[in-house]
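What follows is a set of notes on a single structure, which appears directly below.
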Amino acid sequence: MILKSHKNNFKYSSIFIYTFVLFWVLLASFPFLWTFWGSFKVELDFFSITNWTNAITGENTKQTYGSPFTFIGYHGAWVQEEFWRAFLNTSLVCLFVVVTSLTIGTLGAYALSRSNYKYTFWLLIIALIFRAMPPITLVAGYLPPFFEWNIWGTLPTTIIVLVSINQPFTLWMLHSFFKNIPKELDESAKVDGCSQYQAFGHVIVPVMWPGIITTGLFSFLLAYNDFAVTSMLLSDENRTMVPKIAAFLGTTYTEGNVMFAVAAVVSATVPLFILIMFSQTKIVSGLTQGAVKG
Amino acid sequence: MKHKTFFWFILPTFLAMFFFIMLPIISICLQSLHSPHENVFVTVENCDPFGCKKSTSIDHDATNILKNENPLGKFVGFDIYFDRGHLAIDKINEIWIKNNNFFNFLTAISNLPFYKAIFFTLTFTFTVTPIMLVLGLLVALGVNSINKQLRGMIIFFSLLPMIVTPLIGSIILFWMIDSRGIIGNLLQIFLEDPDFSLKASTNITWIMLIIYGVWHAIPFSFIVFYAGLQTLPKDQIESAQIDGANSFQQTIHIIIPHLMPLITFVTLMQLMDNFRVFEPIIGFNAEAHATSLSWIIFNDLGGETRQLSAAATSSILTIIGVLILLSPVLIKTWKEFEFKK
Chain A
1 MILKSHKNNF
11 KYSSIFIYTF
21 VLFWVLLASF
31 PFLWTFWGSF
41 KVELDFFSIT
51 NWTNAITGEN
61 TKQTYGSPFT
71 FIGYHGAWVQ
81 EEFWRAFLNT
91 SLVCLFVVVT
101 SLTIGTLGAY
111 ALSRSNYKYT
121 FWLLIIALIF
131 RAMPPITLVA
141 GYLPPFFEWN
151 IWGTLPTTII
161 VLVSINQPFT
171 LWMLHSFFKN
181 IPKELDESAK
191 VDGCSQYQAF
201 GHVIVPVMWP
211 GIITTGLFSF
221 LLAYNDFAVT
231 SMLLSDENRT
241 MVPKIAAFLG
251 TTYTEGNVMF
261 AVAAVVSATV
271 PLFILIMFSQ
281 TKIVSGLTQG
291 AVKG
Chain B
295 MKHKTFFWFI
305 LPTFLAMFFF
315 IMLPIISICL
325 QSLHSPHENV
335 FVTVENCDPF
345 GCKKSTSIDH
355 DATNILKNEN
365 PLGKFVGFDI
375 YFDRGHLAID
385 KINEIWIKNN
395 NFFNFLTAIS
405 NLPFYKAIFF
415 TLTFTFTVTP
425 IMLVLGLLVA
435 LGVNSINKQL
445 RGMIIFFSLL
455 PMIVTPLIGS
465 IILFWMIDSR
475 GIIGNLLQIF
485 LEDPDFSLKA
495 STNITWIMLI
505 IYGVWHAIPF
515 SFIVFYAGLQ
525 TLPKDQIESA
535 QIDGANSFQQ
545 TIHIIIPHLM
555 PLITFVTLMQ
565 LMDNFRVFEP
575 IIGFNAEAHA
585 TSLSWIIFND
595 LGGETRQLSA
605 AATSSILTII
615 GVLILLSPVL
625 IKTWKEFEFK
635 K
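Each protein sequence line maps, in turn, to chains A and B. Residue numbers are given in this note's numbering: position 278 of the first sequence equals residue 278, and the series is strictly consecutive. Add 294 to the 1-based position in the second sequence for this note's numbering, that's all there is to it.
Structure follows, in structure tokens:
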């Protein structure tokens, strides 16, 4: 009797749990699926005044183009508004930011994890403070010299700035990965006649690859998702995707081209979607890395 | 590691941080103490057959000399800090004298632009952080107790709100709550009020921004707590079950204490991230109802005028805010370091 009621309890609670988790999954994914679906419609369907089901069936899209799906928004964004340029800029920025951040970050974090002097501690604390500061607070300091030297608005300048403001984060993350690699590994390499540099290059880096790739993912995300700094430092023709979308918002509402903005938003989300699909476990391990080490 | 080896390893990253973080901080300190030069005017008397006229014009040469002599601008001390756009000391005094009721005083202050931003930033930080902790823990507990094969897919979808660009995430939600979007539309049908709008009032805008903030932040606490749940002490749970503890009691007495270090970690990261809230204000087009410290800086920097001194001052005040928020952690880390020695 007691056992039976216990079992029933279990059933109810698991139904409750499944409903709750399903609700969260819908909450997390529905906005993206909805916008993706809507991006192939005309504005009257995406923003439907008459009947909200039009956004699903695409009544007005069918009337205008004969099919419930249209690429008109994508055509407008990529060809007419030259969104491909922004896509290219984002690719360049991300590539160079990731490569540079990882190169100098790996060297620095390795040194910090293998030294016990007091200055190591202070460097890490300063990096933590820098990590906590919103990057936009620094922009007022960048603008006068950049204008003076005429390097404002270019991609290389922005890449160097993004690398630098992401260094504190990169250092902390790589530092916690390096701490997991036993010092004995360096020591034994040195006993075998390696210098510290050789030990780093031939012994430590090969072991560190998973950690380096995970950190690379996060510095990619920081560069890809940045809005505050890139929109302040890039000139109009060098804009990356996120500032370009923000600029769309201003112009498209007045010109009635909201679907261009919707298509651009979906286009900028797709690479992230693919990224999560292929590196889910890496992202999860990166998020928990700092936490587990405290 | 020897000092010399350490030096060469750390040099590139140190140079990057020195030139692009340290120097800019020093620069904004100086910028915040200077205001731009005013133009030098000259009055010239032009005489023609019809009489003499006095006209005033900008003396470009004199202005340029002034600018070249002191490119930072005119030294004004802490004037910009106390002006109407920032701490507004005069205004505060005035309001303080007028209002003897503390609540009225706060309401009056919250109309000053800088304090308005502080109020929103703090409200956002201190509502989003606890809500996301609780909901993230609930999702983690939920996912942890369902079928293992489903979990990978759930984690995939759960990551979306956090990984997708904050500006894009907020724009997507903004389109949905538009009165012609699906949520706005359904709310109108549900409330039987065809004019209902989620964008009209300040309170609803704040709630929408907070909901966005929670939605964006839940995945982080969920993932961290979920990872923590994988290392739960099984024997403790079992003995608690034998002693007749129900799942609620188990959560309170075993699971939460076990997760405590992770809760501290997530809280710290979230306080830092929520304090810089900015993108959703742009995405939700909410400037009229809600502004944040980061938004004020952004607003000063942008546009035709580029008020760098004002932006620098707001930046310094924001950094001070971050330091206050971070101080418990810094003190704790320092004590631990001293203890280890």
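Heads up, the beta-carbon is just placed ideally off N, CA and C, and yes, glycines get one too.
Practice task
For the segment 201–221 of chain A, enumerate the residues whose C-beta is nearer than 7 Å to any C-beta of chain B, in chain order.
Solution key: 221
Problem - residue 454 (chain B) beta carbon less than 9 Å from that of residue 261 (chain A) - result: no
Problem - Beta carbon proximity, residue 536 (chain B) to chain A, threshold 9 Å - result: no
Exercise for the section: Compare the C-beta of residue 390 (chain B) with all C-beta atoms of chain A and state if any pair is closer than 9 Å. Expected result: no
Handout entry: chain A contact residues for residue 479 (chain B), given Cβ-Cβ distances below 8 Å
Key = 48, 52
Problem - Straight-line gap, residue 279 (chain A) to residue 438 (chain B) (C-alpha atoms, nearest Å) - result: 21 Å
Problem - CB contact below 9 Å: residue 619 (chain B) versus chain A - result: yes
Handout entry: Contained beta strand (DSSP E) runs [length at least 3] in the segment 326–391 of chain B, N- to C-terminal order
Key = 335–342, 345–352
Exercise for the section: Use the C-beta contact count for residue 341 (chain B): other C-beta atoms within 10 angstroms, 16 or more gives buried, fewer gives exposed. Expected result: exposed
Problem - Beta-bridge pairing of residue 526 (chain B) - partner residues as DSSP gives them - result: Answer is none; residue 526 (chain B) lacks a bridge partner.
Exercise for the section: Report the rounded CA-to-CA distance for residue 420 (chain B) versus residue 82 (chain A), giving the unit in angstroms. Expected result: 41 Å
Handout entry: Terminal residues of the alpha helix (DSSP H) in which residue 231 (chain A) lies
Key = 228–233
Problem - Beta carbon proximity, residue 472 (chain B) to chain A, threshold 9 Å - result: yes
Handout entry: Own chain partners of residue 84 (chain A) with C-beta closer than 8 Å, once the 5 adjacent residues on each side are dropped
Key = 78
Practice task
Say whether chain A places a C-beta atom closer than 9 Å to the C-beta of residue 374 (chain B).
Solution key: no
Problem - Heavy atom of the ligand ADP within 8 Å of residue 327 (chain B) beta-carbon - result: Ligands in the displayed structure: none, and consequently the ligand ADP is not present.
Exercise for the section: Starting from the beta carbon of residue 605 (chain B), find every residue of chain A whose beta carbon is closer than 8 Å, and list them in chain order. Expected result: 139, 140
Problem - For residue 475 (chain B), three-class secondary structure by DSSP - result: coil
Practice task
Would you verify that the beta carbon of residue 631 (chain B) is, or is not, closer than 9 Å to some beta carbon of chain A?
Solution key: yes
Practice task
For the segment 89–107 of chain A and the segment 523–538 of chain B, state whether three or more C-beta atom pairs, one from each stretch, are separated by less than 8 Å.
Solution key: no
Exercise for the section: Report the rounded CA-to-CA distance for residue 200 (chain A) versus residue 276 (chain A), giving the unit in angstroms. Expected result: 30 Å
Problem - Three-way DSSP call (helix, strand, coil) for residue 153 (chain A) in this model - result: strand
Handout entry: Cβ pair residue 258 (chain A), residue 36 (chain A) closer than 9 Å
Key = no
Handout entry: Backbone CA spacing between residue 580 (chain B) and residue 121 (chain A) [nearest angstrom]
Key = 42 Å
Problem - Pairwise C-alpha distance: residue 145 (chain A) and residue 328 (chain B) - result: 16 Å
Exercise for the section: Count the other CB atoms, across all protein chains shown, that sit within 10 Å of the CB of residue 646 (chain B); report buried if there are 16 or more and exposed otherwise. Expected result: Here chain B has residues from 295 to 635 only, and residue 646 (chain B) is not among them.
Exercise for the section: Counting only the same chain and skipping the five closest in sequence on each side, list residues whose C-beta sits under 6 Å from that of residue 583 (chain B). Expected result: 496, 499
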